[in-house]
Structures are given as structure tokens and as C-alpha cells.
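Numbers given in my numbering equal positions in the sequence shown, counted from 1, plus 1. Beta carbons are placed, not taken as given, at the ideal position from N, Cα and C, and that holds for glycine.
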Amino acid sequence: MFCTKMFLGGLFMLKIVFCIRRRADISADEFYRYWLDEHAPKVRRVAEAIGAVRYVQSHTCLPEMNADLAAGRGTQSPYDGITEVWFRDEQHMRAAMVTPAGVEAGRFLVADESTFIDFAGSSLFMTHEHEIFNLA
Numbered sequence: 002m003f004c005t006k007m008f009l010g011g012l013f014m015l016k017i018v019f020c021i022r023r024r025a026d027i028s029a030d031e032f033y034r035y036w037l038d039e040h041a042p043k044v045r046r047v048a049e050a051i052g053a054v055r056y057v058q059s060h061t062c063l064p065e066m067n068a069d070l071a072a073g074r075g076t077q078s079p080y081d082g083i084t085e086v087w088f089r090d091e092q093h094m095r096a097a098m099v100t101p102a103g104v105e106a107g108r109f110l111v112a113d114e115s116t117f118i119d120f121a122g123s124s125l126f127m128t129h130e131h132e133i134f135n136l137a
């Protein structure tokens, strides 16, 4: 499948989307606290090494409404959240991730993520956006 790059603010962007489920041995409150207060600053510290230019966390909320939405469509239970990581383009991302600093940063992040993320229950993939409308 052909993956074009999104044009945003004069830059062609590529994005990783990480749909995350927390580890079963961690409470929801501890998961969200750690992800936001501990993990996010670590990502910021290594952003340049991995070539990331933007990082967003979306934390799942309104559990009753989520249950209704899932039941109405026959979907699985929702993820605990989504991480989005933007890169200038594929070339910059690949180049950054093979440098010694990029390789070390990747290992560092995976090791940290393993302390709070259920990798087997999560999903990770590359995307490009097609903004259909923005009424904000």
C-alpha cells in the first residue's frame, strides 16, 4: 500500500500511532500518572535522537460512554490511550533511528514502556493523516 506523507505547516509528516493497553498489574490511576508524568518527559529528552518533532498522548475517559459505544458497534473494549509521534518524513525518521543515539533512545523507550504497557494487547503502526474537516 502506498503511504503518502501529510503536508502540515510546510512540512511533510509521518506519524506513528500506538494504541496502548496498560499492564494488568497496574491500576488505571498509576498507569495514567506514570505515562504522563514519568514517561512523557523521557520521550521529550530523546525526541531529537529518534527524529520526533511532535508527541501527543490521548488518555481514554468516560468509561460508561465507551462501554456503550463498544456495545453499539460490537467492538473490543477501548484502549487505555493512544500515543501519536510525528516525524518530519520517513527519511529523517529512518536516519535518526539508526544512529547510535537513536538506537540507544529506542532501547531506552522500549525498556521504560515495558514497565507500564501491555505490548501484546497494544497495537503500533505508521500512518499519514487525511484531515476531512476542522470546525474548531
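Consider the C-beta atom of residue i and the heavy atoms of the ligand ZN; say whether any pair is separated by less than 8 angstroms.
{"i": "Asp-26", "result": "No copy of the ligand ZN appears in this structure; indeed no ligand is present at all."}
Once DSSP output is grouped into helix, strand and coil, what is the label at residue i?
{"i": "Ala-53", "result": "strand"}
{"i": "Val-86", "result": "strand"}
{"i": "Gln-77", "result": "coil"}
{"i": "His-60", "result": "strand"}
{"i": "Val-44", "result": "helix"}
{"i": "Leu-110", "result": "helix"}
{"i": "Met-2", "result": "Reliability of the predicted coordinates at Met-2 is poor, the pLDDT of 42 falling under 50, and the value obtained from them is presented with this limitation in mind. If DSSP states are grouped into helix, strand and coil, Met-2 belongs with coil."}
{"i": "Ala-137", "result": "coil"}
{"i": "Glu-39", "result": "helix"}
{"i": "Leu-9", "result": "Residue placement at Leu-9 cannot be trusted, given a pLDDT of 49 that sits under 50; what the coordinates show is reported in the next sentence. Correct three-state label for Leu-9: strand."}
{"i": "Glu-132", "result": "coil"}
For residue i, list the residues DSSP reports as bridge partners.
{"i": "Phe-126", "result": "Val-18"}
{"i": "Ile-118", "result": "Arg-23"}
My understanding is that residue i touches residue j, with C-beta atoms under 8 angstroms, so please give their C-beta distance in whole angstroms.
{"i": "Arg-1", "j": "Asp-81", "result": "In the structure displayed, the chain extends from 2 to 137; residue 1 sits before or after that span and is not available."}
{"i": "Ile-83", "j": "Ile-21", "result": "7 angstroms"}
{"i": "Val-54", "j": "Phe-88", "result": "6 angstroms"}
{"i": "Ala-39", "j": "Val-57", "result": "The identity of residue 39 in the sequence shown is Glu, whereas the question assumes Ala. 17 angstroms between Cβ atoms; not a contact."}
Since residue i is in the alpha helix (DSSP H), which residue starts that stretch and which ends it?
{"i": "Asn-67", "result": "64-74"}
{"i": "Asp-30", "result": "29-34"}
{"i": "Ala-97", "result": "91-98"}
Query - Three or more C-beta pairs below 8 angstroms linking the region 36-50 and the region 99-119 - result: yes
Query raised in the report: How do the region 63-78 and the region 111-119 stand: do at least 3 beta-carbon pairs fall below 8 angstroms, yes or no?
Result: no
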